[in-house]
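Numbering follows the UniProt record's numbering, in which position 209 of the first sequence is assigned residue number 209; successive positions increment by one, without gaps.
Before any comments, here is the structure.
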Amino acid sequence: MNTPPSRGLDWKEIHVDEEEEDDENWAMPASTLPGQAGHFTSPLSVPSSHQIISGNKDLQLDNSRVSSMDLNTNKAGMEGLDKEKINKIIMEASKGSRFYDNQKKREKQTTERINKMMEKLAQLTESEKQAALTQVDEMVRDLELSRDLSRIIVHLDMDMFYAAVEMRDDPELQEKPMAVGGMGMLSTSNYKARRFGVRAAMPGFIGKKLCPELVLVPPHFDKYRAVSKQVREILAEYDPNFCPMSLDEAYFDLTEYLERRRRMSAEERTYLYCSAEDHGQVEDEKKSTSDKAANNVSIQERTSDEDGYGSSGDYQHQSSSGVDRSLFTSVSKKQGEVTSGKVLSVPAEIQVKSPRRHGNTNNASSLEDSRSEAEWDEQPEQDVEDEDNTCGTKRQDGRFETFGVTCEEVVREIRFRIEQKTKLTASAGIAPNCMLAKICSDKNKPNGQYRIQPSREDVMDFIRDLSIRKISGIGKVTERMLSALGIQTCTDLYQQRALSYLLFSQTSSSHFLHISLGLGSTHVERDGERKSMSTERTFKEISIPSELYSKCMELCEALAEDLKKEQIQGKTVTVKLKTVNFEVKSRASSLKVPVRSSQEIFAIARDLIRTEIRACHPQPLRLRLMGVRLSSFQDASKLSRSRQGTILDMFAKKQSNNPQPVTTPTPDCTEPTMGLLEESTSNNSFSGSVGTPGEVSDVSRIQVLVPNTKVSAPDTEILTSDTEDGVGVSFDNKERVEKKDVVSGSKKAPEARDSTQSAVGVGVSVNRVDRSVSSDTELSSEQTFESAITAANVRTSMTISNPHHSQSHLEPRLPFCEDDFVSGRENEHSSIADREEHTKQLYHPELLSKSEIFNQENNQRVDKLLKMNSHAKSDEYGSECTSSVEAEAQRMLTCPICRQERAYSTLEGLNQHIDACLNKSAIKEMLHRDKSRSFSSSNNQLTKSGPKKLHSRKRSNSGSGSSSSKKKRSKSTPCRTLYDFFQKKDNH
DNA sequence: TACATACAC
DNA sequence: TATGGTGTATGTA
Numbered sequence: 001m002n003t004p005p006s007r008g009l010d011w012k013e014i015h016v017d018e019e020e021e022d023d024e025n026w027a028m029p030a031s032t033l034p035g036q037a038g039h040f041t042s043p044l045s046v047p048s049s050h051q052i053i054s055g056n057k058d059l060q061l062d063n064s065r066v067s068s069m070d071l072n073t074n075k076a077g078m079e080g081l082d083k084e085k086i087n088k089i090i091m092e093a094s095k096g097s098r099f100y101d102n103q104k105k106r107e108k109q110t111t112e113r114i115n116k117m118m119e120k121l122a123q124l125t126e127s128e129k130q131a132a133l134t135q136v137d138e139m140v141r142d143l144e145l146s147r148d149l150s151r152i153i154v155h156l157d158m159d160m161f162y163a164a165v166e167m168r169d170d171p172e173l174q175e176k177p178m179a180v181g182g183m184g185m186l187s188t189s190n191y192k193a194r195r196f197g198v199r200a201a202m203p204g205f206i207g208k209k210l211c212p213e214l215v216l217v218p219p220h221f222d223k224y225r226a227v228s229k230q231v232r233e234i235l236a237e238y239d240p241n242f243c244p245m246s247l248d249e250a251y252f253d254l255t256e257y258l259e260r261r262r263r264m265s266a267e268e269r270t271y272l273y274c275s276a277e278d279h280g281q282v283e284d285e286k287k288s289t290s291d292k293a294a295n296n297v298s299i300q301e302r303t304s305d306e307d308g309y310g311s312s313g314d315y316q317h318q319s320s321s322g323v324d325r326s327l328f329t330s331v332s333k334k335q336g337e338v339t340s341g342k343v344l345s346v347p348a349e350i351q352v353k354s355p356r357r358h359g360n361t362n363n364a365s366s367l368e369d370s371r372s373e374a375e376w377d378e379q380p381e382q383d384v385e386d387e388d389n390t391c392g393t394k395r396q397d398g399r400f401e402t403f404g405v406t407c408e409e410v411v412r413e414i415r416f417r418i419e420q421k422t423k424l425t426a427s428a429g430i431a432p433n434c435m436l437a438k439i440c441s442d443k444n445k446p447n448g449q450y451r452i453q454p455s456r457e458d459v460m461d462f463i464r465d466l467s468i469r470k471i472s473g474i475g476k477v478t479e480r481m482l483s484a485l486g487i488q489t490c491t492d493l494y495q496q497r498a499l500s501y502l503l504f505s506q507t508s509s510s511h512f513l514h515i516s517l518g519l520g521s522t523h524v525e526r527d528g529e530r531k532s533m534s535t536e537r538t539f540k541e542i543s544i545p546s547e548l549y550s551k552c553m554e555l556c557e558a559l560a561e562d563l564k565k566e567q568i569q570g571k572t573v574t575v576k577l578k579t580v581n582f583e584v585k586s587r588a589s590s591l592k593v594p595v596r597s598s599q600e601i602f603a604i605a606r607d608l609i610r611t612e613i614r615a616c617h618p619q620p621l622r623l624r625l626m627g628v629r630l631s632s633f634q635d636a637s638k639l640s641r642s643r644q645g646t647i648l649d650m651f652a653k654k655q656s657n658n659p660q661p662v663t664t665p666t667p668d669c670t671e672p673t674m675g676l677l678e679e680s681t682s683n684n685s686f687s688g689s690v691g692t693p694g695e696v697s698d699v700s701r702i703q704v705l706v707p708n709t710k711v712s713a714p715d716t717e718i719l720t721s722d723t724e725d726g727v728g729v730s731f732d733n734k735e736r737v738e739k740k741d742v743v744s745g746s747k748k749a750p751e752a753r754d755s756t757q758s759a760v761g762v763g764v765s766v767n768r769v770d771r772s773v774s775s776d777t778e779l780s781s782e783q784t785f786e787s788a789i790t791a792a793n794v795r796t797s798m799t800i801s802n803p804h805h806s807q808s809h810l811e812p813r814l815p816f817c818e819d820d821f822v823s824g825r826e827n828e829h830s831s832i833a834d835r836e837e838h839t840k841q842l843y844h845p846e847l848l849s850k851s852e853i854f855n856q857e858n859n860q861r862v863d864k865l866l867k868m869n870s871h872a873k874s875d876e877y878g879s880e881c882t883s884s885v886e887a888e889a890q891r892m893l894t895c896p897i898c899r900q901e902r903a904y905s906t907l908e909g910l911n912q913h914i915d916a917c918l919n920k921s922a923i924k925e926m927l928h929r930d931k932s933r934s935f936s937s938s939n940n941q942l943t944k945s946g947p948k949k950l951h952s953r954k955r956s957n958s959g960s961g962s963s964s965s966k967k968k969r970s971k972s973t974p975c976r977t978l979y980d981f982f983q984k985k986d987n988h
C-alpha cells in the first residue's frame with residue numbers, strides 16, 4: 001500500500017500526488033500475492049490460504065479497521081486521493097456506531113467465506129486442477145469461436161447526473177463542492193466534492209466531515225426524470241430499442257443506424273451549436289419541458305415511451321428530423337414539449353466551430369480527439385436563417401457542426417445533442433459488447449468517450465490490466481474473494497480460470513471466464529417484465545408492536561398503490577426487516593392466488609412480522625427499516641383476465657342472463673376488498689366460530705353485495721383446491737407447535753386461531769365448505785351464507801400454501817368497527833375495555849391469550865352473524881337479489897361507516913370507499929388510542945416517531961379526518977347503518 | 001420456496 | 001443526530 005506522507009487534516013482536497021497502485025488488497029499483503037512472480041506463468045499456482053487469510057484477519061483486528069467501509073475510489077474524479085486520510089476520517093466518524101459494528105460483522109462473514117474457499121482450494125489435487133483446466137480451455141475455445149465483434153454497442157452515462165442538473169439550475173453551485181442528498185445519504189456529488197472523497201452512497205454527515213464546505217442539495221427527481229426523458233428521446237432516434245438502465249445511463253446499438261448513416265447527407269448530419277447566450281432560451285424551454293415531462297418514468301412507463309418511438313417505425317423520418325428543436329424554437333412555443341429537432345438546411349460547405357468543450361479533455365480518448373478535431377472546424381460567423389421557422393430569430397453567432405459517419409462521430413453527435421438539449425454532458429463508451437462499453441464510458445469521464453476497436457487484439461489489450469473491480473457485477477465481496485486467489489486484473493482472472501471453475505459456481509465461473517476473455521452481451525436487451533415491486537422505509541427505531549403493524553400497514557398501502565398503477569398482482573409477499581443493529585432479515589410467504597390490495601398484503605405481512613416479534617420475545621423487535629415486497633407476478637395475459645373477476649363483473653354476467661353461476665371468477669381473479677378477503681379466509685381457515693368483530697362487517701358487506709345462495713362449479717374448483725392444499729387441516733412441524741402454544745389446542749377448539757385479532761368469523765369448517773361446494777345443492781342456511789361469501793370471494797379465494805399464513809392473511813380485518821357491525825348501538829363491546837381489547841388484538845396479536853382468542857363473546861358474535869345471514873336468506877336475497885343489488889348500486893348509497901351518502905356508479909366504488917373508511921381512518925384512531933393508553937408513559941420514542949410516521953406517507957388527510965370518522969362511528973350505529981343498508985335495499 | 005447475499009444505480 | 005430505496009440475480013437448503 002502506498003502510504004502517503006502524513007499531513008494535517010486541513011480541508012484541502014484530499015489526494016496524493018502519485019497514483020496508488022495497490023488498491024485495496026484485502027486478503028493479503030502485496031508481498032504474498034501469487035501473481036507477482038510465478039502466478040502468471042502457472043495458472044494453477046495459488047497461495048496458501050491460511051497464511052493469507054489469517055494474516056489479513058490479524059491486520060484487521062490490529063487496526064480495528066473495517067475495510068469494507070473504506071472509500072471506494074472506483075469512480076471518475078476520485079483518482080489520486082489520499083485514501084488513507086479519507087478512510088481515517090470515515091472511520092472516525094463511524095466508529096462505535098451500530099452501522100460500524102455491523103460492517104465489521106459482515107466483513108468477518110466474508111472472511112469466513114474466503115477461508116472456506118481457501119480450505120476447499122487446499123484440498124484440490126493437481127490432477128483435479130489439471131482436469132479443470134482442460135475443461136475450461138475447451139470452453140474457452142468455444143467461446144472464442146462464438147466471439148462476435150460485429151456489433152457496435154454504446155453505453156452512455158450522464159456525468160454526475162443529479163449533481164449536474166442541480167448545478168445547471170443554480171450556477172452558484174458550480175463553484176462549490178456539492179452533493180445531492182441529505183445528511184443521511186448522498187446520491188451523487190460533483191467533481192469538486194469528489195476531490196475531498198465525497199461520493200455517492202456516502203452518508204451526508206460523513207461527506208460534511210470530509211468537506212465541511214460541502215453543499216447538500218435535496219434531490220428533485222421530477223427534474224431528473226424530465227431530463228432523462230429528453231436524453232432518451234435523442235437516443236431513440238439512433239436505436240429505438242435502446243435500453244435505459246436508470247435515469248442517467250443507457251445502452252444502445254448503433255450497428256444498424258450506422259448502415260443508414262453512411263447514406264445520410266452532410267446536411268442531415270449538421271447541427272447548430274447553441275452558445276452559452278442561448279441558454280436562457282433553452283432553459284425556458286426546458287422548464288416547460290420539465291413540467292410536462294415530470295411525470296412518472298418508471299420502468300414500465302419508460303418502456304411504453306420508448307415503444308412509442310420504436311413503433312413509429314420510420315426511422316429515417318425520425319432521424320431526418322434530427323436536431324434538437326429546443327435550440328431553435330422560441331420561448332413561447334406552445335406545448336413546451338421538446339420534440340425531436342429539425343435539421344437545418346445548411347450548405348455542407350459551411351463549416352462550423354467546435355462546440356464548447358468543457359470537461360476533461362486531457363483524458364479524452366485519443367481516438368476520439370484525433371478524429372473529432374479533424375472535423376470540428378471553425379465556422380465563419382454569419383447570419384443563418386432558420387428555414388423552417390423553428391428558430392424565430394436569426395442567430396448572430398450561428399455555428400454549425402457536421403458530424404461524420406463513423407460510430408465515434410455519431411456518439412459525439414449524440415453527446416453534443418444531449419448537451420445542447422439539456423446543458424448537461426454525457427460520457428460514452430463504444431465497444432463490441434455491453435460489458436466493455438460500460439467500462440469504456442467511464443474511461444474518459446466526464447464529457448468524453450472511448451472506443452475499443454472491434455478486434456480481438458484491441459479487446460484483449462484493453463482487458464489486460466483492467467482491474468476486475470471495474471467490471472459491472474464484481475463488487476467488493478467478489479473482489480475480496482478473487483483477491484484471495486491472487487486475482488486483481490482480468491489477466492489474473494484468465495490465469496486462474498481453472499481455480500475459479502473449481503471454486504465458484506458454474507454461473508459465476510462462466511461469468512468470470514467471459515470477463516477474462518473480454519466477452520459480453522452483444523445485444524442490447526430491454527428489461528424483461530418486472531419481477532417484483534416493493535416499498536421500504538427507514539425510520540427511527542420502532543419496537544412497539546402496534547407501531548410496527550401500523551408501519552407495515554402504511555407500507556402495504558403504498559405498495560398497493562404502486563401495484564395498482566401498474567396493474568400488477570403477485571403471490572409472494574416478502575417482508576424485509578432491518579434491526580437497529582443493521583441486521584437485515586427477510587421473511588416471505590407465498591399464496592396460490594395473487595393478491596394486490598393493501599389489505600391482503602397487510603394480512604400476510606403482518607403475520608410475518610408477528611412471527612418475528614414472537615421469535616424475539618421477550619426482547620422487543622427493534623427495527624430501523626421495514627419493507628414489503630410483492631413478487632411471483634402472474635403473467636400479463638392472466639392479469640387482464642383477472643380484471644373480470646370483480647364483483648361488478650360477476651353481477652354484469654349475471655344480469656346478462658348468463659346461465660353460468662353467479663361466481664365464475666377464476667382463482668386468479670382478484671380485486672378483493674377487505675370484506676371479500678376476510679371471507680375467503682373463513683373458507684380457508686380452520687373453521688372458526690371465533691369471529692372477532694371485524695369479520696362481521698365484512699360479511700355484512702358481502703351480504704349486501706353478493707347475497708347469493710348457490711355455489712356452483714367454478715367455486716367448487718377453487719374451494720376444492722383450497723382444501724387440497726390442506727389449509728386448516730394440519731400444521732406442520734414447528735409452525736404447529738407455535739400455533740398450539742398460542743391457540744388453545746386446536747383439537748379442543750379448532751375454531752380458535754392463534755391470531756384472533758380479527759379472526760375469522762364465520763362458523764364453518766373447511767370440510768363443510770368442501771362438502772357444500774361439491775354437492776352443489778341447496779344449502780343450509782349456514783352453508784348458504786358461507787357459499788354466498790364464497791361466491792363473492794372466489795376471486796380472492798386465498799389458498800394458502802403455508803398453513804402458518806392461512807390464519808393470518810385471512811384476517812386483515814381491522815378491529816374498529818367490528819363491534820359496531822356486529823351489535824350496533826347496543827354493542828356488546830362498547831366499553832372502553834372491550835375496545836382496547838380489540839386494539840390489542842390487532843396490534844398486539846402476539847400478546848393474546850387463549851382465552852382472549854376464543855371466548856363467549858366471539859361465539860355470540862358468530863351467532864349473530866349467522867342470524868344475519870339467515871335473515872338475509874329469508875329475505876330472499878336469492879339469485880334475484882343480485883340484480884336488485886346492482887340496481888341499488890346505481891343509486892345513492894350510504895356508506896355504513898361514515899354515513900356519507902353518495903352516488904356510486906359501481907359497487908366497486910362503494911367497496912373501495914368502505915375500505916378507505918375502515919382502513920385509513922380507523923387504524924390511526926385505534927393506534928392513537930392504543931398508544932395513548934398503553935404506552936404514553938413508557939416510551940418517549942413513541943411520541944417522537946409514531947404519530948409522525950403515521951402521517952408520513954400518502955395519507956395526508958387522515959389526521960383530523962380519522963378523528964371525525966371515529967366520532968361518527970361511535971355516535972352513529974353502524975349496525976343499524978348496516979341494517980339500514982339492507983333495509984334500503986329491501987325496500988327497493 | 002424461503003432466505004440471505006451481492007450488486008447496481 | 002446521523003449509513004437509502006428499488007430491483008435483479010444467485011446460492012443454498
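Just so you know, even glycine gets a beta-carbon here, dropped at the ideal spot from N, CA and C.
- Task: Output the distance between the C-alpha atoms of GLU583 and ILE153, rounded to the nearest integer angstrom.
- Result: 40 Å
- Query: Thinking C-alpha only, which one of PRO454, ILE439, SER455, LYS564 is nearest GLY448?
  - Reply: ILE439
- Item | Top-ranked residue by Cα proximity to MET183, from LYS88, VAL165, PRO203 | PRO203
- Taking only runs of the alpha helix (DSSP H) that begin and end inside the region 190-215, which ones reach a length of at least 4 residues, in chain order? 191-194, 204-210
- Query: Fully enclosed by the region 120-166, which beta strand (DSSP E) runs are 3 residues long or longer?
  - Reply: 153-158
- Task: May I have the straight-line CA-CA distance separating ARG399 from GLN420, to the nearest angstrom?
- Result: 13 Å
- Query: What residue from ALA426, GLN634, THR425 has the CA that sits closest to GLU529's CA?
  - Reply: GLN634
- Query: How long is the line joining the alpha carbons of ARG65 and LYS85, rounded to whole angstroms?
  - Reply: 13 Å
- Rounded to whole angstroms, how far is the Cβ of PRO446 from the Cβ of SER427, which I believe are closer than 8 Å? 6 Å
- Query: For GLU612 versus LEU625, is the C-beta spacing smaller than 8 Å?
  - Reply: no
- Task: Can you tell me which of THR255, ARG113, VAL227 puts its alpha carbon nearest to the alpha carbon of ASP239?
- Result: THR255
- Task: Give me the Cα-Cα distance between LYS108 and LEU71, rounded to the nearest whole angstrom.
- Result: 18 Å
- Query: Does the Cβ-Cβ distance between LYS192 and LYS209 come in under 8 Å?
  - Reply: no
- Query: From ALA437 to HIS617, what does the alpha carbon distance come to, in whole angstroms?
  - Reply: 52 Å
- Item | Inter-residue CB distance, ARG151 and ASP248 (contact presumed, cutoff 8 Å) | Rounded, the Cβ-Cβ distance is 23 Å, inconsistent with contact.
- Is the beta carbon of ILE430 sitting closer than 8 Å to the one on ARG451? yes
- Message: Closer than 8 Å is the cut-off here; do at least three beta carbon pairs connect the region 518-525 with the region 588-608?
- Response: no
- Top-ranked residue by Cα proximity to THR538, from ILE418, SER586, VAL580, PHE196: VAL580
- Message: Please state the DSSP three-state secondary structure of residue 1063.
- Response: The structure shown does not extend to residue 1063, since the chain is modelled only from 1 through 988, so no value can be given for it.
- Task: Under 8 Å Cβ to Cβ from SER186, same chain only, skipping five residues before and after it: list those, please.
- Result: According to the sequence as given, residue 186 is Leu; it is not Ser. Correct list, in chain order: ALA179, VAL180, VAL198, ARG199, ALA200, ALA201, MET202, PRO203, GLY204, GLY207, LEU216.
- Task: Could you say which of MET78, SER68, MET69, ARG614 lies nearest to ASP442 if we only look at CA atoms?
- Result: MET78
- Message: Using C-beta distances below 6 Å, list every residue in its chain close to SER964, excluding the 5 sequence neighbours before and after it, in chain order.
- Response: Residue confidence for SER964 is low, a pLDDT of 24 falling below 50, so the modelled location carries little weight and cannot support an answer.
- Item | Local conformation of LEU519 per DSSP, three classes | coil
- Taking contact to mean at least 3 C-beta pairs separated by less than 8 Å, is the region 407-419 in contact with the region 126-140? no
- Item | Assigned exposure category for ASP157 - 16 Cβ within 10 Å defines buried | buried
- Message: Using a Cβ-Cβ cutoff of less than 6 Å, which residues in the same chain neighbour ARG629 once the five nearest sequence positions on both sides are dropped?
- Response: SER532, SER534, THR574
- Query: Within this structure, are the beta carbons of ILE114 and ALA484 separated by less than 8 Å?
  - Reply: yes
- Relative to the alpha-carbon of LYS470, which residue among VAL459, GLN488, MET481 has its alpha-carbon at the smallest distance? GLN488
- By the 10 Å Cβ neighbour count, where 16 or more other Cβ atoms means buried, how is GLU119 classified, buried or exposed? exposed
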